[in-house]
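Novice: Can you read through this structure? Questions will come right after.
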Amino acid sequence: GAGVSQSPSNKVTEKGKDVELRCDPISGHTALYWYRQSLGQGLEFLIYFQGNSAPDKSGLPSDRFSAERTGGSVSTLTIQRTQQEDSAVYLCASSSLPFGVSPEQFFGPGTRLTVL
Amino acid sequence: DQQVKQNSPSLSVQEGRISILNCDYTNSMFDYFLWYKKYPAEGPTFLISISSIKDKNEDGRFTVFLNKSAKHLSLHIVPSQPGDSAVYFCAASDKGGSNYKLTFGKGTLLTVNP
Chain A
1 GAGVSQSPSN KVTEKGKDVE LRCDPISGHT ALYWYRQSLG QGLEFLIYFQ
51 GNSAPDKSGL PSDRFSAERT GGSVSTLTIQ RTQQEDSAVY LCASSSLPFG
101 VSPEQFFGPG TRLTVL
Chain B
1001 DQQVKQNSPS LSVQEGRISI LNCDYTNSMF DYFLWYKKYP AEGPTFLISI
1051 SSIKDKNEDG RFTVFLNKSA KHLSLHIVPS QPGDSAVYFC AASDKGGSNY
1101 KLTFGKGTLL TVNP
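If you want it as structure tokens, here you go:
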């Protein structure tokens, strides 16, 4: 596709359930990022992939959060035993390396997660 | 501790006038600054960026100014149009190795009135 796509666009789940969020980056982009935006907050970095490796997982808020990337393309963010504070919009972004003029990242539309 | 701050949650401007959105940062290691625009239910879209070695970058109606000594940047939109109404995020990049992760401010909601 032309841009970054994410699925599902909306997810409502019950507290304690596991959820999987998917990201399809722009074809050929080697770098992939996950962010989340809680209500009234800016975007918060979660994890960075370079190819299939995740050299920076420093933003993952707890061990309930994990992510993987396969084939240097699609990524899945998994949240186990969801809690109400996990409710947020989860955004995926991709970029190509080496960079040109600036470290621009291209964002998908996000997945709105609501934990009841 | 917020490293990128946008102290104005909202700004209202008349069509045709100048919009000035401000951003302050605390991390002197930031080497690139970016502005993103976000409409409801969409992902942020890149607007304009500036390297820390520059003090101004212009692209059409959008100009970003960087004052490194004050750790302050601003986005000027001239003339403002109703279609510019959106949330604007300031972001900064701290190149740790090859990881260009972005640190975002909380955003400023710009409303341009016809």
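Protein chains in written order, with my numbering: chain A, 1 to 116; chain B, 1001 to 1114.
We put the beta carbon where it would ideally sit given N, CA and C, even for glycine.
1) So which residues of chain B does P109 (chain A) contact, with C-beta pairs closer than 8 Å?
2) First and last residue of the beta strand (DSSP E) that includes H1076 (chain B)?
3) Among B:R1061, B:K1101, B:L1109 and B:L1011, which has the Cα closest to the Cα of P55 (chain A)?
4) Taking Cβ-Cβ distances shorter than 9 Å, what residues in chain A pair up with L1102 (chain B)?
5) Kindly indicate which three-state DSSP category D1084 (chain B) falls into: helix, strand or coil?
6) In the DSSP assignment, find the beta strand (DSSP E) that holds E20 (chain A) and state where it starts and stops.
7) Output, in sequence order along the chain, the residues in the region 1051-1078 of chain B whose CB is closer than 8 Å to any CB in chain A.
8) Note down, in chain order, each residue of its chain lying with its Cβ closer than 7 Å to the Cβ of T30 (chain A), except the 5 sequence neighbours on either side.
9) Whole angstroms is fine: what's the gap from D1001 (chain B)'s alpha carbon to D1059 (chain B)'s?
10) Give the range of the beta strand (DSSP E) segment to which A88 (chain A) is assigned.
11) List, in chain order, every chain A residue whose beta-carbon is nearer than 8 Å to that of G1107 (chain B).
12) Can you pull out the residues from the region 50-74 of chain A whose beta carbon lies closer than 7 Å to at least one beta carbon of chain B?
13) Output needed for P1114 (chain B): all residues of its chain with C-beta closer than 7 Å, excluding positions within five of it in sequence on either side, in chain order.
14) Decide if P1040 (chain B) is buried, meaning its Cβ has at least 16 other Cβ atoms within 10 Å, or exposed.
15) Specify the secondary structure class of Q41 (chain A) as computed by DSSP and reduced to three states.
16) Using DSSP's beta-bridge definition, name the partner residues of S1093 (chain B).
17) Just the C-alpha distance for V89 (chain A) and C1023 (chain B), rounded to the nearest angstrom, thanks.
18) Would you say Y1025 (chain B) faces chain A, with C-beta separation under 8 Å as the test?
19) With the cut-off set at 8 Å, would you say L1066 (chain B) and A1086 (chain B) are in Cβ contact?
20) Whose C-alpha, out of A:P103, A:D24, A:F65 and A:T13, is nearest the C-alpha of G110 (chain A)?
Specialist: This is what the structure holds:
1) A1041, E1042 and G1043
2) H1072 to I1077
3) B:K1101
4) Y33, Y35, L43, F45, A93, P103 and Q105
5) helix
6) Element bounds for E20 (chain A): V19 to D24.
7) Cβ proximity to chain A below 8 Å picks out S1051 from the region 1051-1078 of chain B.
8) Q50, G51, G72, S96 and L97
9) 32 Å
10) A88 to S95
11) G42
12) Q50, P55 and D56
13) E1015 and P1082
14) exposed
15) In the displayed model, Q41 (chain A) falls within coil according to three-state DSSP, outside both helix and strand.
16) B:Y1032 and B:L1102
17) V89 (chain A) and C1023 (chain B): Cα-Cα distance of roughly 23 Å.
18) Not a single CB atom of chain A sits nearer than 8 Å to the CB of Y1025 (chain B).
19) no
20) Shortest Cα-Cα distance from G110 (chain A) to any of A:P103, A:D24, A:F65 and A:T13 involves A:D24.
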